[in-house]
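Remarks on the structure that follows.
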Amino acid sequence: MKLRTRTTIFAYLFMAPALVMLVLFVFLPIAGSIPLVFYDYSMIGDVEFIGLDNFRRALSDGTFHIAIVNTITFVAVVPVIQLCSIALASLVNQKLKGIVFFRTLFYVPVITSMVAVSIIWSFLFDSHGIINTWLMEWGLTNQPLGFVNSSKTAMICIMFITLWQGLGYYMMLYLAGLQSIPAEIEEAARTDGASALQVFFRIKVPMLKPYIWFCSLNSVISAVAIFDPIFVMTQGGPNNSTMVINYYSYIRAFKDFEFGYSATLGLVQAVITGLLSVVVFVYGKRNGGMTYDNAR
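Residue 131 in the working numbering sits at position 131 of the sequence shown, with consecutive numbering throughout.
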């Protein structure tokens with residue numbers, strides 16, 4: 001048996017357990033929910049076939065339209081997370097005494113539950129919380145700011161919390177990418193007189209392209225599926241300013257018991273996720289960001 005064939009077999013064997021879990025707990029539930037979009041199903045009473053009525057209802061549902069806009073708006077946090085993560089990874093990639101402590105410190109939010117993170121930030125953003133207390137003591141404001149209680153700032157607060165919690169995860173991925181760059185390349189560039197900024201933008205960033213596109217793709221998918229901080233902190237408010245598709249689908253299913261309509265909203269969310277993922281994937285592939293060899 002050829003080495004390439006053996007390698008391929010071993011690769012599929014290692015992937016098999018994860019693939020089985022994906023099929024059982026992701027793909028099968030998704031496939032099972034698709035027929036629901038054609039029914040009026042509430043767990044109580046008869047199940048009625050209504051054809052495309054759920055889709056027609058979604059087209060005229062004002063709250064759903066707001067949820068779509070808010071979801072796409074929330075995706076704007078993705079480039080901010082990636083840029084901050086690359087900058088942070090560059091900082092903790094320095095050979096300094098005690099740098100491992102800082103890497104660990106920045107990674108702690110990642111291993112903390114998003115629910116716990118949301119509860120903590122709820123206290124911090126409270127009108128009597130520590131942030132408002134500091135702002136008033138420093139004379140920056142005369143009265144407590146609304147933060148998550150204001151329709152103007154609630155979504156920004158949710159974005160900030162997502163950034164704060166996800167920064168360490170992407171930082172570690174970019175750190176791995178930076179440490180995989182051969183030191184000889186950077187030394188040769190410095191010998192030729194390249195400055196630190198030139199080394200960063202002309203060598204490190206191009207060689208990080210595979211990591212940038214992978215992290216961007218994952219970040220987009222996570223952004224479209226945002227749920228935990230909305231559920232804990234705002235419940236879609238105030239005035240639907242933080243209402244996103246995932247949370248709106250949830251309240252339609254588990255508060256209003258409209259499972260058919262909720263499945264329709266979920267299907268629309270899946271289509272939006274797929275389209276955004278394709279855009280990121282195609283853009284990354286055209287710019288040589290899908291393989292390490294292309295970035296070299």
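Just so you know, even glycine gets a beta-carbon here, dropped at the ideal spot from N, CA and C. Just so we're clear, the structure is a prediction, and the values are computed from it rather than from any experiment.
Which of helix, strand or coil DSSP assigns to residue i
i, result
"F49", "strand"
"D256", "coil"
"Y39", "strand"
"M233", "helix"
"M204", "Per the sequence presented here, residue 204 reads as Lys, with Met not at that position. DSSP places K204 in helix when its eight states are reduced to three."
"I44", "coil"
"M243", "coil"
"H65", "helix"
"T7", "helix"
"D126", "coil"
"K2", "coil"
"T112", "coil"
"F147", "helix"
"Q94", "coil"
"P238", "coil"
"V75", "coil"
"L140", "coil"
"P182", "coil"
"I58", "A small fix is needed here, since residue 58 is Ala in this sequence, not Ile. Correct three-state label for A58: helix."
"F14", "helix"
"N70", "helix"
"K152", "coil"
Contact under 9 Å by Cβ, residue i with residue j
i, j, result
"M317", "F106", "Residue 317 lies beyond the range of the chain shown here (1 to 296); nothing can be said about it."
"V308", "G166", "Only positions 1 to 296 of the chain appear in the structure, and residue 308 is not among them; the question remains open."
"M233", "I161", "yes"
"P79", "S216", "yes"
"N70", "S249", "no"
"S90", "G260", "no"
"S127", "G139", "no"
"V199", "T273", "no"
"W134", "W164", "no"
"A298", "R202", "Given that the chain is displayed from residue 1 to residue 296, the structure contains no residue 298 and the question cannot be resolved."
"I68", "L267", "no"
Option nearest residue i by Cα separation, candidates the options
i, options, result
"V148", "N132, G139 and T73", "N132"
"A183", "S195, K204, L197 and G193", "K204"
"L275", "I30, I72, L88 and L208", "I72"
"R103", "K97, K285, V92 and S113", "V92"
"I156", "I212, G193, T264 and A76", "A76"
"G284", "S127, L208 and Q235", "L208"
"S222", "M159, R190 and F201", "M159"
"Q269", "H65, S150, I99 and M114", "H65"
"G237", "Q179, N218 and S150", "S150"
"V37", "R286, E258 and D126", "E258"
"F74", "V47, G260 and T153", "T153"
"G218", "Y169, G98 and L52", "The amino acid occupying residue 218 in the given sequence is Asn; Gly does not appear at that position. It is Y169."
"T63", "N287, K255 and N239", "N239"
"Q94", "R286, I251, K255 and A196", "A196"
"N287", "M21, P206 and M243", "P206"
Cβ separation of residue i and residue j, assumed to be a contact under 8 Å, to the nearest whole Å
i, j, result
"I230", "Y247", "5 Å"
"V220", "V271", "Not a contact, Cβ separation roughly 14 Å."
"L265", "A58", "6 Å"
"Y174", "S85", "6 Å"
"D40", "M114", "D40 to M114, Cβ: 33 Å. No contact."
Buried versus exposed call for residue i [16 or more other C-beta atoms within 10 Å across all chains shown]
i, result
"G193", "exposed"
"Y12", "exposed"
"F49", "exposed"
"N60", "Per the sequence presented here, residue 60 reads as Ser, with Asn not at that position. S60 should be labelled exposed."
"I9", "exposed"
"Q82", "buried"
"N54", "buried"
"I245", "buried"
"F25", "exposed"
"T7", "exposed"
"L88", "buried"
"A253", "buried"
"S180", "exposed"
"I99", "exposed"
"M243", "buried"
"V117", "buried"
"I226", "buried"
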